[in-house]
Amino acid sequence: MALINGTAGNDNLFGGTEIDSIYGDAGSDIIFGRGGGDLLDGEAGNDVIKGGAGDDTIYGGTGNDRLKGATGVDGIFGEGGDDRLLGGDGADSLFGGAGIDVVAGGGAADRLYGDTGNDRLFGGAGNDFVFGGDNADLVNGGLGEDQLFGGAGDDLLKGGDNDDVLAGLADDDSLFGGDGSDDLYGGLGDDVLFGETGIDRLIGGSGADTLFGGAGSDFLSGVGGADRLFGGLDADAIEGGLGSDLLKGGDGDDTLRGDADSDLLFGGNDDDQIFGGAGDDTLFGGASQLGAFGDDLFGGTGNDRLFNESGGAFMNGDEGDDLLVGGDDGETLLGGADNDLLKGRGGDDNITGGAGRDVMFGGSGDDDFGFGAGDSGAGGDRDVIADFESGADTIQLFAIDADTTTGGDQAFTFITGSFSAAGQLRVVDDGGRFIVQADVDGDATADLEILVFGDEPVEADFVL
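All residue numbers for the sequence shown refer to the numbering used here, where the first residue is 1 and numbers rise by one.
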């Protein structure tokens, strides 16, 4: 074992084939360890150090140093200054230290740490672990299945090829998954995540994040903050999480969930399922590729607005005072609980207001207005059909037991005069508008009423 010390000047120091300890002292030194597991320390000055064969430990010291490990499992420490570290062929550990460093891992499974400073780290080939540390770093995994971490500062992380894990951690980071099926985690701060190709998982974390799924069937979750999530080309699953979020499905059969707060959700192309969740949400169904099939829209709790572009959609306002607007083809509209406004527009629609005082527009086409038990009250609690067309539209009451005094499920009997028994149904002209009335308990008073504008409903317009 040899001990070699440099001088205060610029030295050229070379080890032998055994285990050497070489110290450069002051000056800009050139140090080569050659064979053996060497300890190489440049100390002060701008040094160039190469380890050679064996498992070497290399310290740059103060100054702007160039450090290379070559073969073996090396530990390389830049320490102070703006250093360049290259690991070589073995599974190396590289630490940039203070200063603005460039750290590259080489051909094996390396561990890279930028520490402080605005560092650039490149994993290279192999399955690498790369940690940027403090300040704004560039972290590039390269080939292999890499684990990349930004640390403090506004970092840029690039996964490269294969299946990578990227985590921005603190501050406002930008993450690019690259090829392969990647996991991206924004962490703290307002982050931007790009899944790119492959089946990716994108998790925004806290902060107002922006997520792009790209190609592949991706999973996107905003978690906390007011996030923007864009699904991309294939069938994606998108969750807004906490905060008022924007969700867009893009191409493919997507599933969108707004979750908490007041969200804005766009299904995009193909046949999507869209759930508003809690809060006052706005949902847009988008265009279907199959005509007869469309999007499924569920408002959830809150006062929601649901809009559909293509036909075949199923729209459910659920709880709250909701607005449902269908497209130009036939849809199924269900208001759910509370007081809803439902508009079928074009096509043959199936419209059910549900509980609460609802207002329904069929629009053009042959529309069916459905009612169940408790869906419509009397007087000020009655539902409204705003544009009834006799001979085209129907009022469907078959889901209601017409006679509550008799066991079983009875059908209504249409009459033209006064009530005389339970189970009777009539239409009353109310000065240019019409009131459908039903007596289900035989007390000669209306227990159910529907206010109808447009044509007077006749017996053939009812499904009893």
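Glycine included, each C-beta is placed from N, C-alpha and C at the ideal position.
Query                                                                                                                           : Result
Alpha-carbon spacing of residue 110 relative to residue 90, whole angstroms                                                     : 8 Å
Residue 239 - DSSP class collapsed to helix/strand/coil                                                                         : strand
Contact under 9 Å by Cβ, residue 323 with residue 296                                                                           : no
Sheet register partners of residue 449 (DSSP bridge)                                                                            : 437
Nearest to residue 144 (by Cα), restricted to the options 116, 93, 178                                                          : 178
Buried or exposed (CB count within 10 angstroms, at least 16 for buried), residue 11                                            : buried
Distance, residue 146 Cα to residue 170 Cα                                                                                      : 19 Å
Cβ separation of residue 137 and residue 155, assumed to be a contact under 8 Å, to the nearest whole Å                         : 5 Å
Same chain only: Cβ atoms within 6 Å of residue 201, ignoring 5 sequence neighbours per side                                    : 183, 219
Cα-Cα separation between residue 291 and residue 236, rounded to whole angstroms                                                : Reliability of the predicted coordinates at residue 291 is poor, the pLDDT of 49 falling under 50, and no value is obtained from them.
Cut-off 6 Å between Cβ atoms - residues of its own chain near residue 256, not counting five sequence neighbours on either side : 238, 247, 249, 265, 274
Contact belief for residue 198 with residue 181 at Cβ below 8 Å, rounded distance in angstroms                                  : 4 Å
Collapsed DSSP secondary structure at residue 461 in the structure displayed                                                    : helix
Every unbroken beta strand (DSSP E) inside the stretch 92-146 [3 residues or more]                                              : 93-95, 102-104, 111-113, 120-122, 129-131, 138-140
Range of the contiguous beta strand (DSSP E) that encloses residue 386                                                          : 383-388
Beta carbon of residue 97 nearer than 9 Å to that of residue 71                                                                 : no
Stretch pair the stretch 423-443 + the stretch 353-368: three plus CB contacts closer than 8 Å                                  : no
Those residues which DSSP pairs with residue 167 across a bridge                                                                : 149, 185
Beta-carbon proximity list for residue 2, same chain, < 7 Å, skipping 5 on both sides                                           : 15, 16, 18, 20
For residue 391, three-class secondary structure by DSSP                                                                        : coil
Host beta strand (DSSP E) of residue 316 (start-end)                                                                            : 314-316
Burial state of residue 459 (16 or more Cβ within 10 Å)                                                                         : exposed
Per-residue burial, residue 150 [other beta carbons within 10 Å of its own, 16 or more giving buried]                           : buried
Where the beta strand (DSSP E) containing residue 73 begins and where it ends                                                   : Premise fails: residue 73 is in no beta strand (DSSP E) and is neither H nor E.
Span separating the alpha-carbon of residue 24 from that of residue 104                                                         : 23 Å
Straight-line gap, residue 461 to residue 415 (C-alpha atoms, nearest Å)                                                        : 14 Å
From 210, 161, 153, residue whose alpha carbon lies closest to that of residue 122                                              : 161
Inter-residue spacing [alpha-carbon to alpha-carbon] between residue 39 and residue 175                                         : 37 Å
Run of the beta strand (DSSP E) containing residue 424, from where it starts to where it stops                                  : 424-429
Among 207, 251, 213, nearest to residue 223 - alpha-carbon criterion                                                            : 207
Nearest-angstrom Cα separation, counted from residue 76 out to residue 95                                                       : 6 Å
First and last residue of the uninterrupted beta strand (DSSP E) at residue 350                                                 : 350-352
Residue environment, residue 420, which counts as buried when at least 16 other CB atoms sit within 10 Å                        : exposed
Three-state secondary structure assigned by DSSP to residue 380                                                                 : helix
Member of 188, 242, 251 whose CA lies at the smallest distance from the CA of residue 213                                       : 251
Candidates 152, 348, 88, 113, of which the one nearest residue 465 by Cα                                                        : There is no way to answer for residue 465, as the model of the chain reaches only from 1 to 464.
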